[in-house]
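Report on one structure; see the data block that follows.
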Amino acid sequence: MLTLAACNAAPSAPQKPDQGTPLLRVVYRDADAEMVLMVPEKGRASLRGDCAAPLLIDARTGQARVLSNAEVQTRLKTMQLAGATRGVCP
163 MLTLAACNAA
173 PSAPQKPDQG
183 TPLLRVVYRD
193 ADAEMVLMVP
203 EKGRASLRGD
213 CAAPLLIDAR
223 TGQARVLSNA
233 EVQTRLKTMQ
243 LAGATRGVCP
C-alpha cells in the first residue's frame with residue numbers, strides 16, 4: 163500500500179519578516195519548462211544574490227539553471243503564468 167507522508171504532515175509555520183526579505187515566488191510554464199522568478203513584495207528593496215536568481219527548470223529532466231535577464235524577458239513573452247506563493251529570501 164502506498165502512503166504519502168507529505169499529505170499528513172502539518173504545514174510549516176510561516177516565516178517571520180525578520181528571518182529574511184519577503185517575496186513572491188512566481189512560476190511561469192510552457193510545454194518544456196517552468197521558470198521561477200523571485201519578486202520582492204511591494205515596497206521592499208530589490209533582492210540580491212543567489213536567492214533572487216531567476217531559474218529555468220527543464221520539465222523532462224528536472225534540472226535547473228540560472229537565466230540571464232535577456233532570457234527572462236524573452237520567455238515572459240511566450241510562457242504562461244502558472245501561480246505564485248509567498249516566501250522569504252534570507
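Heads up: the sequence shown begins at 163 in the working numbering, then just goes up one per residue.
C-beta atoms are modelled at their ideal positions from N, C-alpha and C, and glycine is treated no differently.
With H, G and I counted as helix, E and B as strand and the rest as coil, what does DSSP make of residue i?
| i | result |
| --- | --- |
| Ala193 | coil |
| Gln225 | coil |
If you follow the alpha helix (DSSP H) that residue i is part of, which residue opens it and which one closes it?
| i | result |
| --- | --- |
| Ala232 | Asn231 to Leu238 |
Considering only their Cβ atoms, is the gap separating residue j from residue i smaller than 7 angstroms?
| i | j | result |
| --- | --- | --- |
| Cys251 | Gly182 | yes |
| Pro216 | Leu243 | no |
| Ala246 | Leu186 | yes |
First and last residue of the beta strand (DSSP E) that includes residue i?
| i | result |
| --- | --- |
| Asp127 | It is not possible to answer for residue 127, since the shown part of the chain is limited to 163 through 252. |
| Gly245 | Gln242 to Cys251 |
Kindly confirm or deny that the region 231-240 and the region 183-197 touch, where touching means at least three C-beta pairs closer than 8 angstroms. yes
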